[in-house]
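Engineer: Residue numbers (this note's numbering): 8 to 333. Structure below; questions to follow.
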């Protein structure tokens with residue numbers, strides 16, 4: 008353990024302990040010698056740490072009054088904590104498509120200097136951590152920032168939104184949250200035109216500005232009820248419970264996956280798995296079922312089974328035609 012990390016670990020131990028800590032417990036917990044402890048104690052004394060020894064409890068502690076605290080000057084982290092921050096920083100940069108690069112630049116510079124103190128080359132952790140997005144759609148960075156700002160400041164927005172396959176329209180919305188779902192950005196919002204909650208894909212918003220007007224604040228219980236009841240990004244009250252049977256490697260994989268907070272699954276004697284999930288709109292659910300091909304079969308309800316059958320039939324017709332490449 009490097010000296011800086013030992014100093015911080017000792018400081019953290021005293022800060023977190025409600026009672027004096029015996030020397031033997033300190034050396035055992037932090038895995039260094041008594042001689043090292045005395046050197047670190049002297050160093051902390053020099054930095055103004057209020058370390059005292061309790062004869063009654065035969066241990067060391069920070070002598071602080073109720074409500075007081077002592078912090079080391081500057082920013083101090085263990086190597087493990089720095090590694091966690093490095094992963095978080097990389098995740099924010101990759102997942103946000105660099106949209107918050109300017110905001111995080113001062114933090115990143117400080118993080119780089121702290122990592123160098125731990126004798127870790129910054130290029131190593133930049134290169135050694137990868138987050139790969141799939142089917143990520145491009146988002147206008149200014150629009151994403153405006154939506155995020157409106158969520159935090161509870162402000163109303165005027166947006167021009169173009170739904171897939173439809174004409175654009177203007178909406179006044181009160182955004183409640185921004186969501187990162189399957190590598191794309193969405194906002195859960197109160198739509199003042201429709202008088203209800205809606206989900207807008209931020210990449211489909213072509214213009215956005217803050218406007219005056221009363222912001223509609225929807226309570227958490229109502230949001231959770233509306234957005235958490237059904238499968239996927241399509242929201243609303245569940246219309247039915249899908250029952251899907253997975254076989255072979257699909258059963259092994261789906262057993263580890265979380266499709267919905269209220270999902271139920273049964274492991275069958277033949278090794279297959281039956282999954283039950285509530286849904287209100289079948290489109291996304293059908294895509295997830297079809298990705299497993301013949302290893303997935305809808306058992307119910309009948310309407311969903313027939314709908315999947317129709318889609319499979321239409322797909323089959325595409326492959327009955329002679330390929331233009333043959």
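Glycine is no exception: its CB is placed at the ideal position from the N, C-alpha and C atoms.
Please tell me whether residue 206 and residue 193 are closer than 7 Å, where the distance is taken between their beta carbons.
Structural biologist: Working through the chain shown from its first residue, we reach residue 206 at position 199. Working through the chain shown from its first residue, we reach residue 193 at position 186. Yes, the pair counts as a contact, with Cβ atoms nearer than the cut-off.
Engineer: According to DSSP, is residue 325 part of a helix, a strand, or is it coil?
Structural biologist: If you number the chain shown from 1, residue 325 lands on position 318. Looking at residue 325 - three-state DSSP - the assignment turns out to be helix.
Engineer: From the DSSP output, read off the bridge partner residues of residue 177.
Structural biologist: If you number the chain shown from 1, residue 177 lands on position 170. DSSP lists 167 as partners of residue 177.
Engineer: Just mark residue 141 as buried or exposed, buried being the case when its beta carbon has 16 or more other beta carbons within 10 Å.
Structural biologist: Numbered from its first residue, the chain shown carries residue 141 at position 134. Exposure of residue 141 is indicated by the presence of fewer than 16 other C-beta atoms within 10 angstroms of its C-beta.
Engineer: When burial is assigned at 16 or more other CB atoms within 10 Å of the CB, is residue 268 buried or exposed?
Structural biologist: Here residue 268 is taken as the residue at index 261 of the chain shown, counted from 1. Answer is exposed; the Cβ neighbour count stays below 16.
Engineer: For residue 27 and residue 77, I'd like the C-alpha separation in whole angstroms.
Structural biologist: For the purposes of this step, residue 27 is identified with residue 20 of the chain shown, where counting begins at 1. For the purposes of this step, residue 77 is identified with residue 70 of the chain shown, where counting begins at 1. Whole-angstrom Cα-Cα distance: 16 Å.
Engineer: Taking contact to mean at least 3 C-beta pairs separated by less than 8 Å, is the stretch 213-225 in contact with the stretch 254-272?
Structural biologist: no
Engineer: How big is the Cα-Cα spacing for residue 290 and residue 186?
Structural biologist: Locating residue 290 in the chain shown gives position 283, where the first residue counts as 1. Locating residue 186 in the chain shown gives position 179, where the first residue counts as 1. Distance between the alpha carbons of residue 290 and residue 186 is about 19 Å.
Engineer: What three-state label does DSSP hand residue 195 in the structure shown?
Structural biologist: Numbered from 1 along the chain shown, position 188 holds the residue referred to as residue 195. Three-state DSSP puts residue 195 in a strand.
Engineer: Go ahead and pull the three-state DSSP assignment for residue 138.
Structural biologist: The count along the chain shown starts at 1 and reaches residue 138 at position 131. The answer is coil: DSSP assigns residue 138 none of H, G, I, E or B.
Engineer: How about the stretch 271-278 and the stretch 306-315: do they share at least three Cβ pairs that are nearer than 8 Å?
Structural biologist: With the cut-off at 8 Å, the stretch 271-278 and the stretch 306-315 do not touch.
Engineer: Compute the Euclidean distance between the alpha carbons of residue 25 and residue 10, then round it to the nearest angstrom.
Structural biologist: By one-based count along the chain shown, residue 25 stands at place 18. By one-based count along the chain shown, residue 10 stands at place 3. For residue 25 and residue 10, the distance between alpha carbons rounds to 25 Å.
Engineer: Quick check on this structure: which residue in 53, 51, 301, 16 has the alpha carbon closest to the alpha carbon of residue 35?
Structural biologist: For this step, residue 35 is matched to residue 28 along the chain shown. Selected option, being the one with the closest Cα: 16.
Engineer: Below 8 Å on the Cβ atoms is my guess for residue 58 versus residue 94; work out the distance and round it to an integer in Å.
Structural biologist: The residue given as residue 58 occupies position 51 in the chain shown. The residue given as residue 94 occupies position 87 in the chain shown. Not quite, the Cβ-Cβ distance comes to about 33 Å (not below 8 Å), so this is no contact.
Engineer: With hydrogens ignored, establish whether the beta-carbon of residue 267 is closer than 6 Å to any heavy atom of the ligand ZN.
Structural biologist: Absence of the ligand ZN from the depicted structure is noted, as is the absence of any ligand whatsoever, leaving it without description.
Engineer: Inspect the beta-carbon positions of residue 223 and residue 160 and report whether they are closer than 7 Å.
Structural biologist: In the chain shown, the residue the question calls residue 223 occupies position 216. In the chain shown, the residue the question calls residue 160 occupies position 153. No. Outside cutoff.
Engineer: Under a three-way DSSP split, which group does residue 7 fall into?
Structural biologist: The chain is shown from 8 up to 333; residue 7 falls before or after that span and cannot be answered.
Engineer: Assuming residue 197 contacts residue 225 under a Cβ cut-off of 8 Å, what Cβ separation, rounded to an integer in Å, is found between them?
Structural biologist: Numbered from 1 along the chain shown, position 190 holds the residue referred to as residue 197. Numbered from 1 along the chain shown, position 218 holds the residue referred to as residue 225. Contact holds; Cβ gap of about 6 Å.
Engineer: Curious, which full-length beta strand (DSSP E) runs of at least 3 residues does the stretch 243-298 contain?
Structural biologist: 247-253, 271-274, 280-286
Engineer: Please state whether DSSP places residue 26 in a helix, a strand or coil.
Structural biologist: The residue you call residue 26 lines up with position 19 of the chain shown. Under the three-state reduction of DSSP output, residue 26 falls in the coil class, being neither helix nor strand.
Engineer: How would you write the range of the alpha helix (DSSP H) that residue 9 sits in, first residue to last?
Structural biologist: Against the chain shown, residue 9 aligns to sequence position 2. From DSSP, residue 9 is part of no alpha helix (DSSP H); its letter is neither H nor E.
Engineer: Alpha carbon to alpha carbon, how far is residue 68 from residue 62? Give it in angstroms, no decimals.
Structural biologist: Counted from its first residue, the chain shown places residue 62 at position 55. Counted from its first residue, the chain shown places residue 68 at position 61. If I take the Cα positions, the gap works out to 11 Å.
Engineer: DSSP on residue 57, reduced to helix/strand/coil?
Structural biologist: On the chain shown, residue 57 is found 50 positions in, with the first residue counted as 1. Correct three-state label for residue 57: coil.
Engineer: Assuming residue 67 is part of the beta strand (DSSP E), what are its boundary residues?
Structural biologist: Position 60 of the chain shown, counted from the first residue, corresponds to residue 67. Residues 66-69.
Engineer: Taking the C-alpha atoms as reference points, what is the distance between residue 144 and residue 286?
Structural biologist: Translated into positions along the chain shown, residue 144 becomes position 137. Translated into positions along the chain shown, residue 286 becomes position 279. The straight-line gap from Cα to Cα measures roughly 25 Å.
Engineer: Would you check if the distance between the CB atom of residue 292 and the CB atom of residue 261 is smaller than 7 Å?
Structural biologist: Here residue 292 is taken as the residue at index 285 of the chain shown, counted from 1. Here residue 261 is taken as the residue at index 254 of the chain shown, counted from 1. No, these two residues do not count as a Cβ contact at 7 Å.
Engineer: Run through DSSP, which three-state label would residue 219 get?
Structural biologist: As a position in the chain shown, residue 219 is number 212, starting the count at 1. DSSP places residue 219 in coil when its eight states are reduced to three.
Engineer: Using the Cβ count rule (16 or more neighbours within 10 Å means buried), how would you classify residue 60?
Structural biologist: Within the chain shown, the letter at position 53 stands for residue 60. It is exposed - the Cβ of residue 60 has fewer than 16 other Cβ atoms within 10 Å.
Engineer: List the whole-angstrom C-beta distance separating residue 146 from residue 248, where the pair is believed to meet the contact cut-off of C-beta under 8 Å.
Structural biologist: Walking along the chain shown from the start, residue 146 turns up at place 139. Walking along the chain shown from the start, residue 248 turns up at place 241. Between residue 248 and residue 146 the Cβ distance is about 34 Å, and since that is not below 8 Å, they are no contact.
Engineer: Within a Cβ cutoff of 7 Å, which residues of the same chain sit near residue 44, ignoring the five residues on either side of it in sequence?
Structural biologist: Residue numbering aside, residue 44 sits at position 37 when the chain shown is read from its first letter. The residues are 30, 33, 34.
Engineer: Considering only the alpha carbon of each residue, which of 169, 162, 300 lies closest to residue 315?
Structural biologist: On the chain shown, position 308 is the one that residue 315 refers to. Nearest C-alpha to residue 315: 300.
Engineer: Go to residue 155, then tell me how far its alpha helix (DSSP H) extends in each direction, as first and last residue.
Structural biologist: Numbered from 1 along the chain shown, position 148 holds the residue referred to as residue 155. 148-160 is the span of the alpha helix (DSSP H), which, as asked, contains residue 155.
Engineer: I need the straight-line Cα distance from residue 306 to residue 134, nearest angstrom please.
Structural biologist: What you label residue 306 is simply residue 299 of the chain shown in a count that begins at 1. What you label residue 134 is simply residue 127 of the chain shown in a count that begins at 1. Rounded to whole angstroms, residue 306 to residue 134 spans 46 Å at the Cα level.
Engineer: Which residues does DSSP list as the beta-bridge partners of residue 185?
Structural biologist: Walking along the chain shown from the start, residue 185 turns up at place 178. 194.
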